[in-house]
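Q:
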Amino acid sequence: MPPSSTAIREAVEAYLRRHPGERDALAGLLAALDRPVDATARTTLPGHVTCAAVVIDRQGRVLHIRHRASGGLVLTPGGHIEPGDRTLLAAALREVSEEAGIAPGDLCLTRQLLGSPIDIDVHDIEANPAKGEPAHRHYDFRYVFYLTGEEPPAIVLQDEEVSGAQWLPQPEVTSPALRAKLLAARLDGRPEPVNASALIHDGGGRYLLHLRDHKPGVIRQSGAFALLGGGRTHDDQSLEGTLLRELSEEVPDLRLEDVKPYAVEAATSPDGLSVPVRVFAGRWRGDPDRLALHEGVLLRWFTPDELDRLRLSPATRDLIRRHAAENPPDHGPDAAPAVWDGGSRTVLNGIGVHLHLEDPEGRVLLGLRHPDSKYAGDTWHYLAGRCEQESALACLVREAKEEAGLVVDPADVELAHVVHVVDAVGALPLMQLVFKARRWEGVPKVLEPDKCLTWKWWPRHELPDRIVPYTRTAIASIAEGRPYSQLGWVRHEVAHDK
């Protein structure tokens with residue numbers, strides 16, 4: 010199934026955030042995406058989407074081919090999207106494989122562009138009576154790839170469509186718009202890691218592995234055990250930042266010690282691309298059954314001699330065994346994992362902060378979380394966040410600004426309620442702090458649409474049905490003047506008594 014109009018629009022809007030001056034040029038494309046047609050089909054007129062691959066070698070040169078269909082123009086590989094292309098990027102990969110014989114495994118993404126197009130070119134196509142095609146327009150999404158090898162692979166041309174190939178220095182790239190963007194991006198053709206993973210060990214010879222969801226073609230290493238981690242985004246300042254963000258999204262209560270870069274490994278994306286991965290080693294000694302896992306199926310400890318029993322990539326298996334050989338188990342008095350066994354050990358609690366705002370009519374501000382949110386999707390909730398390396402008040406002020414554009418002075422804030430929550434049997438406890446602001450500046454705006462769809466003021470006695478349970482409890486408790494409540498502890502304590 011080809012990419013949906015929604016997915017293409019998201020790619021266009023992300024592109025326009027980087028190149029706002031091109032919105033008028035892409036107005037026709039945005040209008041086409043509003044129509045009930047397949048914008049990728051070559052029969053869609055007056056224009057449709059195509060894709061191109063900008064392949065850069067280690068010398069910074071760009072692959073160009075001579076297209077027969079365009080009257081011999083020298084262009085980057087590319088063409089129409091086929092029904093089997095799952096994404097626009099996959100279409101670009103297929104085109105360069107068909108036209109130049111370069112396999113996806115010979116290519117990787119760049120740190121500067123990641124999976125985003127460097128350019129969306131709009132050009133007119135003359136009528137082709139032989140094919141029964143009238144004059145129309147192409148909206149060409151151009152994706153950049155680096156070669157993984159030191160030397161370019163042998164070019165195998167698709168004779169019926171291509172009559173030649175050459176590598177051109179970036180100042181000689183034939184498309185002026187592409188040439189300018191390539192030079193501005195300073196793409197040198199040298200691959201570097203774009204993903205980060207965590208090799209988590211307990212210092213006693215065990216390694217923590219994550220069983221991924223079984224979604225072939227969507228998730229890398231689908232349905233297999235793997236390391237925690239994921240891909241870099243444009244907002245990540247470093248690969249260590251990528252790792253910390255991924256861990257906070259996947260297992261927010263997991264806190265690693267002694268995190269250090271360990272190795273660079275090569276993985277394969279669902280599209281077949283080579284993915285350089287920076288692996289960080291870190292130590293943790295907890296019980297994975299006590300963690301709230303927001304992605305995947307489960308977390309488990311394994312020793313190196315158990316790895317052959319698992320569905321696990323050979324590269325990950327070799328990586329763990331190499332680390333184990335270089336780091337013999339620590340059998341000292343502090344090596345035992347810190348397991349929460351019902352109260353005999355100290356357990357760190359997660360800390361969340363929440364903003365309780367009431368308008369002059371006594372209504373409470375709540376946000377509707379995005380359906381795909383990792384927590385409480387399609388549910389109303391306070392403006393909230395998890396404390397990082399900061400005070401609770403600093404976290405509150407930051408979240409209010411980032412999520413809703415509200416300016417809150419800590420001097421105008423007071424602690425209104427505390428809810429001590431255990432979401433599920435075995436989950437780590439969460440201390441949810443609810444602060445009430447007497448004053449604030451600004452009107453609530455949706456600034457993180459991937460997390461919150463809208464803000465709304467709700468009467469305390471007419472709260473929505475779909476609301477986070479402890480949020481409802483806190484609102485009622487604040488109205489009644491009660492400073493503390495707890496949820497989930499009865500079922501948890503019963504489970505530990507059995």
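The numbering of the sequence shown is the working numbering, which starts it at 10 and goes up by one. C-beta: ideal position from N, C-alpha, C; glycine also.
Just the Cα atoms here: how many angstroms apart are Leu97 and Leu177?
A: Within the sequence shown, residue 97 is the residue found at index 88, counting from 1. Within the sequence shown, residue 177 is the residue found at index 168, counting from 1. Rounded to the nearest angstrom, the two C-alpha atoms are 24 Å apart.
Q: Could you tell me which of Arg151, Leu364, Gln441, Leu248 sits nearest to Gly124, measuring between CA atoms?
A: As a position in the sequence shown, residue 124 is number 115, starting the count at 1. Comparing Cα-Cα distances from Gly124 to each of Arg151, Leu364, Gln441, Leu248, the minimum goes to Arg151.
Q: Where in the region 144-199 do unbroken runs of the beta strand (DSSP E), each at least 3 residues long, occur, reported from the N-terminal end onward?
A: DSSP runs (the beta strand (DSSP E)) wholly in the region 144-199: 145-156, 171-177.
Q: For Ala344 and Leu265, I'd like the C-alpha separation in whole angstroms.
A: Taking the first residue of the sequence shown as position 1, residue 344 is located at position 335. Taking the first residue of the sequence shown as position 1, residue 265 is located at position 256. For Ala344, the predicted structure reports a pLDDT of 39, less than 50, and the residue's modelled location is therefore unreliable. The matter cannot be settled from this model.
Q: On a CA-only basis, which of Val165, Val273, Val427 is nearest Tyr493? Give me that one, please.
A: The sequence position of residue 493 within the sequence shown is 484, counting from 1. Closest by alpha carbon: Val427.
Q: Looking at Leu118: is its Cβ nearer than 9 Å to the Cβ of Val153?
A: Translated into the one-based positions of the sequence shown, residue 118 becomes position 109. Translated into the one-based positions of the sequence shown, residue 153 becomes position 144. In this structure, Val153 lies closer than 9 Å to Leu118 by Cβ.
Q: Look up Val477 in the DSSP assignment and say whether it is helix, strand or coil.
A: On the sequence shown, residue 477 is found 468 positions in, with the first residue counted as 1. Looking at Val477 - three-state DSSP - the assignment turns out to be coil, as it is neither helix nor strand.
Q: Over what stretch of residues does the alpha helix (DSSP H) that includes Arg18 continue unbroken?
A: Within the sequence shown, the letter at position 9 stands for residue 18. Unbroken alpha helix (DSSP H) run through Arg18: 14-27.
Q: Between Leu248 and Arg241, which are expected to be in contact by the criterion C-beta below 8 Å, what is the C-beta distance as a whole number of angstroms?
A: One-based indexing of the sequence shown puts residue 248 at position 239. One-based indexing of the sequence shown puts residue 241 at position 232. A Cβ-Cβ distance of about 6 Å is found for the pair Leu248 and Arg241, placing them in contact under the 8 Å criterion.
Q: Could you name the residues of the same chain whose beta carbon sits closer than 8 Å to that of Tyr271, not counting the 5 residues immediately before and after it, in chain order?
A: In the sequence shown, the residue the question calls residue 271 occupies position 262. So the list reads Leu208, Val288, Phe289, Ala290, His332, once near-sequence residues are dropped.
Q: Could you check what DSSP says for Trp449 in three-state terms: helix, strand or coil?
A: Position 440 of the sequence shown, counted from the first residue, corresponds to residue 449. The answer is coil: DSSP assigns Trp449 none of H, G, I, E or B.
Q: What did DSSP end up calling Thr52 once you bin it into helix, strand or coil?
A: By one-based count along the sequence shown, residue 52 stands at place 43. In the structure shown, Thr52 sits in coil (DSSP, three-state: anything other than H, G, I, E or B).
Q: Please report how far the alpha carbon of Ala109 lies from the alpha carbon of Gly88, in whole angstroms.
A: The count along the sequence shown starts at 1 and reaches residue 109 at position 100. The count along the sequence shown starts at 1 and reaches residue 88 at position 79. When only Cα atoms are considered, Ala109 and Gly88 end up about 13 Å apart.
Q: On a CA-only basis, which of His145, Leu377, Ala20 is nearest Thr52? Give me that one, please.
A: Along the sequence shown, read from residue 1 onward, the residue named residue 52 stands at position 43. Taking only the C-alpha atoms, the option nearest Thr52 is His145.
Q: Using C-beta distances below 7 Å, list every residue in its chain close to Arg469, excluding the 5 sequence neighbours before and after it, in chain order.
A: Along the sequence shown, one-based indexing puts residue 469 at 460. Answer for Arg469: Gly371, Val373, Ile484, Ala488, listed in chain order.
Q: Tell me whether the region 213-221 and the region 169-187 touch, counting them as touching only if at least three CB pairs, one residue from each stretch, are closer than 8 Å.
A: With contact defined as three or more Cβ pairs closer than 8 Å, the region 213-221 and the region 169-187 are not in contact.
Q: Using alpha carbons as the reference points, say which of Glu304, Val260, Pro323 lies closest to Asp296.
A: Start at 1 with the first residue of the sequence shown, and residue 296 comes out as number 287. Among Glu304, Val260, Pro323, the Cα nearest to that of Asp296 is on Val260.
Q: What does DSSP give as the partner residues of Gln246 in its beta bridges?
A: Numbered from its first residue, the sequence shown carries residue 246 at position 237. Gln246 is not bridged to any residue.
Q: Please give the ranges of any beta strand (DSSP E) in the region 214-300, keeping only runs that are unbroken, at least 3 residues long and fully inside the region.
A: 216-220, 237-240, 266-277, 283-292
Q: Could you name the residues of the same chain whose beta carbon sits closer than 7 Å to that of Arg326, not counting the 5 residues immediately before and after it, in chain order?
A: Indexing the sequence shown from 1 puts residue 326 at position 317. Leu316, listed in sequence order.
Q: Which of the three DSSP states, helix, strand or coil, is assigned to Arg75?
A: As a first step, residue 75 is located in the sequence shown; it is residue number 66 there, counting from the start. The answer is strand: DSSP assigns Arg75 an E or B state.
Q: Going by beta carbon distance, what residues of the same chain come within less than 6 Å of Gln167, once the five residues before and after it are set aside?
A: As a first step, residue 167 must be located in the sequence shown, where it is residue number 158. Once the five neighbours on either side are set aside, the close Cβ partners of Gln167 are Glu107, Glu108.
Q: Starting from Asp130, trace the beta strand (DSSP E) in both directions and tell me its first and last residue.
A: Taking the first residue of the sequence shown as position 1, residue 130 is located at position 121. In this chain, the beta strand (DSSP E) harbouring Asp130 covers 128-134.
Q: Evaluate contact between the region 125-140 and the region 187-206, counting only Cβ atoms and requiring at least three cross-stretch pairs below 8 Å.
A: yes
Q: Suppose you measure from the CA of Leu192 to the CA of Gly69; what does that come to, to the nearest Å?
A: Within the sequence shown, the letter at position 183 stands for residue 192. Within the sequence shown, the letter at position 60 stands for residue 69. Leu192 and Gly69: Cα-Cα distance of roughly 10 Å.
Q: Going by Cα to Cα distance, which pick from Asp314, Leu263, His243, Asp245 is closest to Gly237?
A: Locating residue 237 in the sequence shown gives position 228, counting from the first residue. Per the sequence shown, residue 237 should be read as Leu rather than Gly. Of the listed residues, the one whose Cα sits closest to Leu237 is Leu263.
Q: Can you tell me whether Ala34 is helix, strand or coil according to DSSP?
A: Looking up residue 34 in the sequence shown gives position 25. The DSSP-derived three-state label of Ala34 is coil.
Q: Would you check if there are 3 or more beta carbon pairs closer than 8 Å linking the region 444-461 to the region 357-366?
A: yes
Q: For His210, name the three-state secondary structure that DSSP assigns.
A: What you label residue 210 is simply residue 201 of the sequence shown in a count that begins at 1. DSSP places His210 in strand when its eight states are reduced to three.
Q: Can you tell me which of the three DSSP states Ser494 falls into?
A: For the purposes of this step, residue 494 is taken as residue 485 along the sequence shown, with counting starting at 1. Ser494 falls in the strand class under three-state DSSP.
Q: I need the straight-line Cα distance from Val417 to Val105, nearest angstrom please.
A: As a first step, residue 417 is located in the sequence shown; it is residue number 408 there, counting from the start. As a first step, residue 105 is located in the sequence shown; it is residue number 96 there, counting from the start. Distance between the alpha carbons of Val417 and Val105 is about 52 Å.
Q: Give the secondary structure of Glu367 by DSSP, where H, G and I count as helix, E and B as strand, and everything else as coil.
A: In the sequence shown, the residue the question calls residue 367 occupies position 358. Of the three classes helix, strand and coil, the one that applies to Glu367 here is strand, per DSSP.
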